[in-house]
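Using this note's numbering, the first residue of the sequence shown is number 10, and each one after it goes up by one.
Glycine included, each C-beta is placed from N, C-alpha and C at the ideal position.
Computed from a prediction, not measured in an experiment: that's the story for all the values here.
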Amino acid sequence: MNKAFYITAAELAERGSSNIPEELLSAKHLIYSSPATLAFNSPGAKGFGVKRAGLAIPGSVMLLVSPACCGRNTALLNELGYNERFFYLLLDDTDIVTGRHLTKIPEAAREICEELDYTPSAIMICITCVDALLGTDMERVCRRCGEYTGVPAVPCYMYALTREKKLPPMAAVRKSVYSLLKPQKRAADECAVMGYFSPLDDGCEIYRLLRSAGIKKIHELARCKTFEEYSQISVANFSLVLNPEARYAAQEIERSLGMPSIELLRMYQPDKIHNQYRLLGQAIGAELDDSEYYREATKAAEDFREKYGSLSFAVGECLNADSFELSLALIRFGFKVAEIYGTVGERNFVFVKKIASLSPKTRIFSNLSPTMLYYNGGEDIDAVIGSDALYYHAGKAGIEFSEEEQPFGYCGVIRLFERLDKALTDFKEGTNR
10 MNKAFYITAA
20 ELAERGSSNI
30 PEELLSAKHL
40 IYSSPATLAF
50 NSPGAKGFGV
60 KRAGLAIPGS
70 VMLLVSPACC
80 GRNTALLNEL
90 GYNERFFYLL
100 LDDTDIVTGR
110 HLTKIPEAAR
120 EICEELDYTP
130 SAIMICITCV
140 DALLGTDMER
150 VCRRCGEYTG
160 VPAVPCYMYA
170 LTREKKLPPM
180 AAVRKSVYSL
190 LKPQKRAADE
200 CAVMGYFSPL
210 DDGCEIYRLL
220 RSAGIKKIHE
230 LARCKTFEEY
240 SQISVANFSL
250 VLNPEARYAA
260 QEIERSLGMP
270 SIELLRMYQP
280 DKIHNQYRLL
290 GQAIGAELDD
300 SEYYREATKA
310 AEDFREKYGS
320 LSFAVGECLN
330 ADSFELSLAL
340 IRFGFKVAEI
350 YGTVGERNFV
360 FVKKIASLSP
370 KTRIFSNLSP
380 TMLYYNGGED
390 IDAVIGSDAL
400 YYHAGKAGIE
410 FSEEEQPFGY
420 CGVIRLFERL
430 DKALTDFKEG
440 TNR
């Protein structure tokens, strides 16, 4: 009988991070883009895929250089209001075989600038796996585009082939969108927040904690309305990196602008959040009093558990969290986690080991394994978190938890339980009608 492959947390922890089963490693098998993940694992991804992320620079436009099969997946961006900023250079077979399209790109960039009734701040040249296989020198092509138009051109690499590499697409595009920043005299009382293409939740305590430490201005790419505001990011004295995918961009900024960075992880364990803020305070020479926010977050979790008891969760990876860290947090809050759908790597294996010690029978699946064709949802699940988990458990109560406004810190914990409470209440009322 065909079954979806899974391994328990205890079994996986015993194997170690250097001996992860091939079924959990997408580079070792065909990738299955199920309906659970297709919207997040495709060129037409929801949220911020490479194409939409590349337009994070205010006033920029994008030229997608691709075969028609890749270009058609951009329709979703038009629905989100990007149609006036998107242009296409579609490749035919001869272009791909001979590489003649490389001479067309600067001409296309000039045509874009001539057609617009304004001068764009930048032209983002988005290229696909075709140019990855051809080994195209996009830096050189972009320099030529700049010569033709007088507008800076920046490469955006939509290379699915590099997803498992040192610099995957979403890390590379973060480097691209910060690459136009120029050195300026930095202000001691300003900082930059890096990591996401949409803003942090307005209620996030990190804003208040930074201001209590004397930071008067916090630059955030997602809140920049104009190119002038974007340019002022380089005035920041240091940057806070809140997503590991922005690490390489921060390193490049430090190299080119001399701006140091401090990295914090998005976590849902209050004691770990507290420790990060303590270390942040030490790094910037300030004592950050987060006691009020700590109490609010732990109370939110305690109130939820008192109301609903020890629920059993399925946790996906299409959500604003690391599925394994979030699962560990839920277990430590006193809940059960029956199933996790996620990508296991060295960075989050430490969470797997801790889950194994507390919940050894938790089942771990890979969304991208072809065996998920045969997935048949577990019956020991009361609620689900994540868009993929909701697909697998369509009849269960749950939340996507993938809103564009980004949860972080204690505020993230509070938002998690607020949304779960509403979903469970709505589900209960719906089943009682």
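Assigned with DSSP and collapsed to three states, Q291 falls in helix.
Within the model, the alpha-carbon separation for P67 versus L100 is close to 28 Å. Leaving aside the five residues that flank K362 on each side, the residues in its chain whose CB is nearer than 7 Å to its CB run, in chain order, A22.
Judged by DSSP in its simplified three-state form, K226 adopts strand. In this structure, the straight-line span from the alpha carbon of H283 to that of Y303 is close to 7 Å.
Listed in chain order, the alpha helix (DSSP H) elements of length 4 or more contained wholly in the segment 235-296 are 236-240, 256-266 and 279-293. Across the structure, E32 and K191 are spaced so that their CA atoms are roughly 45 Å apart.
At a Cβ-Cβ threshold of 8 Å, A162 and A117 do not count as neighbours. Sixteen is the threshold: since fewer than 16 other Cβ atoms of the shown chains lie within 10 Å of the Cβ of S300, the residue is exposed.
For E305, the enclosing alpha helix (DSSP H) stretches over residues S300 to Y317. DSSP, reduced to helix, strand and coil, places K363 within a helical segment of the structure shown. Under the three-state reduction of DSSP output, T112 falls in the helix class. For Y97, there is no enclosing alpha helix (DSSP H); the enclosing beta strand (DSSP E) has its first and last residue at F95 to L100. Per DSSP, the beta-bridge partners of Q415 are L209. The DSSP-derived three-state label of P178 is helix.
Residues T137 of the same chain have their beta carbon placed closer than 6 Å to that of S75, with the five preceding and five following residues left out of the count.
Cβ atoms of Y419 and A306 come within 8 Å of each other, at about 4 Å. Contact check for I394 against T371 fails: the beta carbons are separated by 8 Å or more. Assigned with DSSP and collapsed to three states, R372 falls in strand. In this structure, the straight-line span from the alpha carbon of Y286 to that of R153 is close to 45 Å. When L111, F96, D211 and C122 are compared, the shortest CA-CA separation from P416 is found for D211. The C-alpha of T145 lies about 45 Å from the C-alpha of A365.
Inter-segment contact for the segment 233-242 and the segment 377-387 is absent: fewer than three beta-carbon pairs are separated by less than 8 Å.
By the criterion of a C-beta distance shorter than 6 Å, H110 is surrounded in its chain by L100 and D104, once the five residues flanking it on both sides are discounted.
In the structure shown, Y166 adopts extended strand secondary structure according to DSSP, grouped into three states. Taking C-alpha positions only, C151 is separated from L251 by approximately 29 Å.
Note that the C-beta distance between A392 and L429 is below 8 Å. Within the DSSP secondary-structure output, M203 pairs in a beta bridge with V250.
Pairing D298 with G290, the inter-Cα distance amounts to about 9 Å. Taking the Cα of S185 as reference, the smallest distance to any Cα among I134, C233, Q193 and L249 is reached at I134.
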